[in-house]
Each structure stands twice: as C-alpha cells, then as structure tokens.
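For our numbering, add 56 to where a residue sits in the sequence shown, where the first one is 1. Encoded as structure tokens, the structure appears first; notes follow it.
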Amino acid sequence: MEQGILLSKYIELQQTKGYYWFTRDAFIQYSACGESAFKKMANRLFHVKRIFRFAKGFYVIIPLEYRNTGLFPPILFIDYFMRYINVDYYIGLLSAVAHYGYAHQQPQRFQIITPKQLYLSKRNIAGVDAVVKYCAKMVPYHCVKVSTGYVKISSLEATALDIVQYKSLCGGLNNVATILAEMYAEIDPQLLLQVYKECKYSMSTIQRLGYLLTTVGAARVCKPLRGFVSSAKPNYTVLDVANKNSNGSKDKTWYLIINETIEVDDI
57 MEQGILLSKY IELQQTKGYY WFTRDAFIQY SACGESAFKK MANRLFHVKR IFRFAKGFYV
117 IIPLEYRNTG LFPPILFIDY FMRYINVDYY IGLLSAVAHY GYAHQQPQRF QIITPKQLYL
177 SKRNIAGVDA VVKYCAKMVP YHCVKVSTGY VKISSLEATA LDIVQYKSLC GGLNNVATIL
237 AEMYAEIDPQ LLLQVYKECK YSMSTIQRLG YLLTTVGAAR VCKPLRGFVS SAKPNYTVLD
297 VANKNSNGSK DKTWYLIINE TIEVDDI
C-alpha cells in the first residue's frame with residue numbers, strides 16, 4: 057500500500073464495505089503512515105464533520121446524510137465499539153423505552169449499561185451515557201437488527217426494573233410512572249419476578265416498582281411481586297430518595313414510606 061494514503065480514501069473504502077467506523081491502529085497499519093500524519097488528517101476531517109473520535113483509537117465515519125448535524129446515531133455503531141473494546145453491554149433505560157415505543161419524546165442522551173466504566177472522548181459529541189452495572193452480563197436482552205448490523209436492547213421486563221433502579225437518569229419517579237402506565241400491559245409478571253431474582257436488583261427496586269405499578273392500575277403485573285415482597289418482609293424505605301423529606305404514610309404492601317405524590321402525565 058502506498059505510504060501516506062489519504063485518510064479520506066480509506067474512509068470511503070470502509071464505507072463501501074458497510075463500515076461506519078475505523079480504528080487508528082488499523083489505518084496506520086494499512087497506510088504505513090506515522091502517528092503525526094494521522095493526527096493531521098484526522099483533525100482536518102473532523103473539522104469538516106466527516107469523522108469524530110468516539111474513544112481512544114476509535115473513530116466514527118459520518119455519512120453524507122448526517123453531515124449537517126455532524127453526528128451519527130450511536131445505535132448504528134455502538135455494537136462495533138463494544139466488540140472492539142471487548143466489553144458486554146446493552147442499550148437500556150430511556151433508549152430502550154424509546155425502542156419499545158413508550159417514550160413521549162426522543163431521549164436527549166443515548167444510554168447503555170455496561171459492567172465496567174468506559175473511557176469515551178471528553179467531547180462525547182455522540183451523547184452516549186454508559187451506566188455501570190456490575191451484573192450487566194446477567195440481564196436479558198434482545199438482538200435487534202439495525203441498518204449496520206445488530207444491537208442488544210434490554211428486555212421489556214429488565215427495562216422496567218432498570219428505569220426504577222436508575223430513576224434519576226430517567227426523569228424521576230413521575231416520568232418513570234408515566235412510562236410504566238404505557239408499558240405494563242406488555243410485561244410478563246412471572247418473567248419480571250424472574251429477572252429481578254436472577255439479575256441481582258435491589259429489594260428497594262422491586263418495592264418501588266410494585267408501588268408504581270399499583271399506582272397506575274397494573275394489578276395483574278403486581279401480583280407475583282406482591283407475594284414476593286410479602287414473604288420477604290423487607291425494611292421500610294422511602295419511595296423517593298431524591299426527596300429530602302423522609303416523612304409520609306406507610307404502605308404496608310410494599311413496605312414503603314410514601315414521601316412523594318406520584319403524578320402520571322396524560323397518555
């Protein structure tokens with residue numbers, strides 16, 4: 057290969073293969089150019105919104121149709137990146153909610169769950185938030201086809217548990233309740249309890265989830281959870297830890313101190 061091959065030509069070659077990403081090391085090996093030359097070419101292409109650096113050594117190619125925004129939807133390259141760094145993941149929280157069609161608006165951030173911390177570019181212009189969950193490998197997911205391949209998205213039951221456990225990343229309890237009001241009809245009650253037991257969610261997560269499901273009228277989904285919590289007899293905990301007021305009435309079914317009034321948006 058001719059030394060110093062233009063990075064722009066290499067990118068075009070990648071795209072003809074259906075790849076919208078490349079690594080610094082692969083290009084340098086392919087072109088036999090030096091690190092300094094690569095940086096100059098990469099910076100030039102970054103400024104014309106042709107590429108951006110997602111993480112150390114990993115670059116995303118921006119197709120023409122996304123050039124005006126300078127962004128490329130993370131769902132189209134995230135699986136390649138996670139395989140590149142050899143870390144498990146799944147798309148979760150509000151990004152999973154949006155996939156299932158229960159988001160009132162497109163999430164501002166693209167949320168993934170991983171078992172270890174990721175070191176992304178400080179600019180992070182792709183808007184990816186990686187939430188660390190040490191038992192992420194155990195969480196059930198579906199492989200979903202996208203135009204560039206496949207991605208992993210948390211199951212509906214795991215999504216319900218996650219948005220309660222990470223409620224602060226999902227707009228708070230009221231927003232979580234609004235989502236649950238829309239999605240509960242599709243949730244398998246027994247599978248929900250199974251996912252809870254197998255994936256090491258906290259007891260407080262099932263307590264809060266049960267209360268929220270009760271609030272939105274999901275009695276069918278609540279039944280197995282209610283029996284489990286009744287047998288476990290957990291300690292009382294507050295419904296909303298974000299509320300500094302820890303006083304409130306006691307819900308004896310879910311062993312919760314109701315320190316917040318849940319308001320569900322019209323759906």
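Note that the Cβ used here is the ideal one computed from N, Cα and C, for glycine as well. Bear in mind that the values here come from a model prediction, so they are computed numbers and not experimental data.
CA nearest to the CA of residue i, picked from the options
{"i": "V232", "options": "I313, L295, N180, C191", "result": "L295"}
{"i": "P171", "options": "K189, A154, R179, A182", "result": "K189"}
{"i": "Y175", "options": "A111, S302, K208", "result": "A111"}
{"i": "G113", "options": "Q221, I141, C89", "result": "I141"}
{"i": "F133", "options": "Y75, R106, I169, S92", "result": "Y75"}
{"i": "R80", "options": "R123, T204, V153, Y115", "result": "Y115"}
{"i": "L62", "options": "W77, Y86, T72, K73", "result": "Y86"}
{"i": "V220", "options": "K201, F137, L248", "result": "L248"}
{"i": "Y136", "options": "I209, A93, W77", "result": "W77"}
{"i": "S177", "options": "F108, Y252, M259", "result": "F108"}
{"i": "T309", "options": "L265, G205, F128, D218", "result": "L265"}
{"i": "I117", "options": "Y206, E68, C89", "result": "E68"}
{"i": "G183", "options": "Q250, Q70, T125", "result": "T125"}
{"i": "V277", "options": "Q164, R139, H160, M239", "result": "M239"}
{"i": "I209", "options": "A237, E254, G157", "result": "G157"}
Neighbour flag for residue i against chain D, beta carbons, 7 Å
{"i": "T170", "result": "Of the protein chains in the structure, only one exists, and it is not chain D."}
Boundaries of the alpha helix (DSSP H) in which residue i is found, first to last residue
{"i": "K199", "result": "Residue identity differs from the one stated: residue 199 is Cys in this sequence, not Lys. It is not in any alpha helix (DSSP H) - C199 instead sits in the beta strand (DSSP E) that spans 197-202."}
{"i": "I262", "result": "259-271"}
{"i": "V232", "result": "229-239"}
{"i": "I134", "result": "134-141"}
{"i": "F284", "result": "275-288"}
{"i": "F102", "result": "91-103"}
Residue i, enclosing beta strand (DSSP E) - first and last residue
{"i": "S305", "result": "305-307"}
{"i": "K208", "result": "205-210"}
{"i": "Q167", "result": "166-170"}
{"i": "D185", "result": "184-188"}
{"i": "V153", "result": "Element bounds for V153: not the beta strand (DSSP E) but the alpha helix (DSSP H), 149-156."}
{"i": "I314", "result": "312-314"}
{"i": "Y115", "result": "114-117"}
Beta-carbon proximity check, residue i vs residue j, cutoff 7 Å
{"i": "Q246", "j": "P196", "result": "no"}
{"i": "Q202", "j": "I131", "result": "Note that residue 202 is Val in the sequence shown here, rather than Gln. Cβ distance < 7 Å, so V202 and I131 count as in contact."}
{"i": "S307", "j": "I314", "result": "It should be noted that the sequence gives Asp, not Ser, for residue 307. Yes, the Cβ-Cβ distance between D307 and I314 is below 7 Å."}
{"i": "Y267", "j": "P290", "result": "no"}
{"i": "A275", "j": "I243", "result": "no"}
{"i": "K256", "j": "C191", "result": "yes"}
Under 8 Å: do the stretch 93-103 and the stretch 221-236 share three or more Cβ pairs, one atom per stretch? no
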